[in-house]
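Numbering (the numbering used here), first residue to last: 11 to 280.
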């Protein structure tokens, strides 16, 4: 029988990974005080975690990028990732970084609805096209925004030009066989409902699954499968296996204006 805990155990297979959260936090904090215009803790609901930050470019934004953080739906928040907005910001985009309520306080299906509201509220503050990206659990949440059961308004959906799932989880059923499900509390019904791989895309919005070539095989499998299935449903989708990047180095390029991963997110050439 497959060891599903090991299949999803990114940090256990990356030397020094235990130091990463502090590194991310310190780097993001330095970025916020480094002269970039950041509106912090904008409320999109009543819960203390229903907040997002908006990172503004110089001049009028070209549009809105939303970056949804990971952490297996049970760790971290927006404050760790502010500097990952820099690549899009330097290209003239405003970047929304939402927090959301974590498990076990909320179920994954409720987090999907929170992110929906966050995007709707951010879309009222920034005009123009919308690009959505997310990492790991955030890749799942980003993808769920354009599934056939999305709660995004039609007006907002019409503005979504592309979605990028970085190391996303799209088949949640294996997670029911992990120890972390003691916290996630996924049952068969919710796991199926929240698995984007079992949904059709709501429309032909360009979609990219981006994954590091050095990641755990299950993340690569899910990214390839997700892109293949949606490409057969009349959606322009593809999978990029990025070198030998691991689950965490794969997102580093989001800090860089001309990196491949940033240009994939903001470019019209999909």
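Every residue, glycine too, gets a C-beta built ideally from N, C-alpha and C.
Residues bridged to residue 159 [DSSP beta-bridge criterion]:
Mapped onto the chain shown, residue 159 falls at position 149. Per DSSP, none; premise fails for residue 159.
Run through the DSSP bridge pairs and tell me what residue 222 is partnered with.
The sequence position of residue 222 within the chain shown is 212, counting from 1. Its beta-bridge partners are 252.
Given that a residue counts as buried once 16 or more other Cβ atoms are within 10 Å of its Cβ, and exposed if not, what is residue 53?
Residue 53 sits at position 43 when you count from the first residue of the chain shown. The residue is exposed, with fewer than 16 neighbouring Cβ atoms inside 10 Å.
Which of helix, strand or coil DSSP assigns to residue 235:
Residue 235 sits at position 225 when you count from the first residue of the chain shown. In this structure, residue 235 counts as helix in the three-state DSSP scheme.
Could you tell me the boundaries of the alpha helix (DSSP H) in which residue 118 lies?
Mapped onto the chain shown, residue 118 falls at position 108. Residue 118 -> alpha helix (DSSP H) spans 118-135.
So, for residue 118: in the same chain, excluding its five sequence neighbours on each side, which residues have a beta-carbon less than 6 Å away from its beta-carbon?
As a position in the chain shown, residue 118 is number 108, starting the count at 1. Excluding residues within five positions, the ones whose Cβ falls inside 6 Å are 83 and 204.
Given a cut-off of 8 Å on the beta-carbon distance, is the pair residue 159 and residue 209 in contact?
Within the chain shown, the letter at position 149 stands for residue 159. Within the chain shown, the letter at position 199 stands for residue 209. Yes, they are a contact pair.
Using the C-alpha atoms, what's the distance from residue 73 back to residue 269?
Here residue 269 refers to the residue found at position 259 when the chain shown is read from its first residue. Here residue 73 refers to the residue found at position 63 when the chain shown is read from its first residue. Computed Cα separation, rounded: 19 Å.
Is any beta-carbon of chain C found at less than 8 Å from that of residue 48?
The structure shown contains no chain C; it is built from a single protein chain.
Under 8 Å between the Cβ atoms of residue 196 and residue 185?
Along the chain shown, read from residue 1 onward, the residue named residue 196 stands at position 186. Along the chain shown, read from residue 1 onward, the residue named residue 185 stands at position 175. Taking 8 Å as the Cβ cut-off, residue 196 and residue 185 qualify as a contacting pair.
Endpoints, beta strand (DSSP E) assigned at residue 148:
Indexing the chain shown from 1 puts residue 148 at position 138. Taken as a continuous stretch (DSSP letters only), residue 148 belongs to no beta strand (DSSP E), being part of the alpha helix (DSSP H) at 147-154.
For a quick check, are the C-beta atoms of residue 250 and residue 215 less than 8 Å apart?
Taking the chain shown and counting its residues from 1, one reaches residue 250 at position 240. Taking the chain shown and counting its residues from 1, one reaches residue 215 at position 205. It is not a contact, given that the beta carbons lie outside the stated cut-off.
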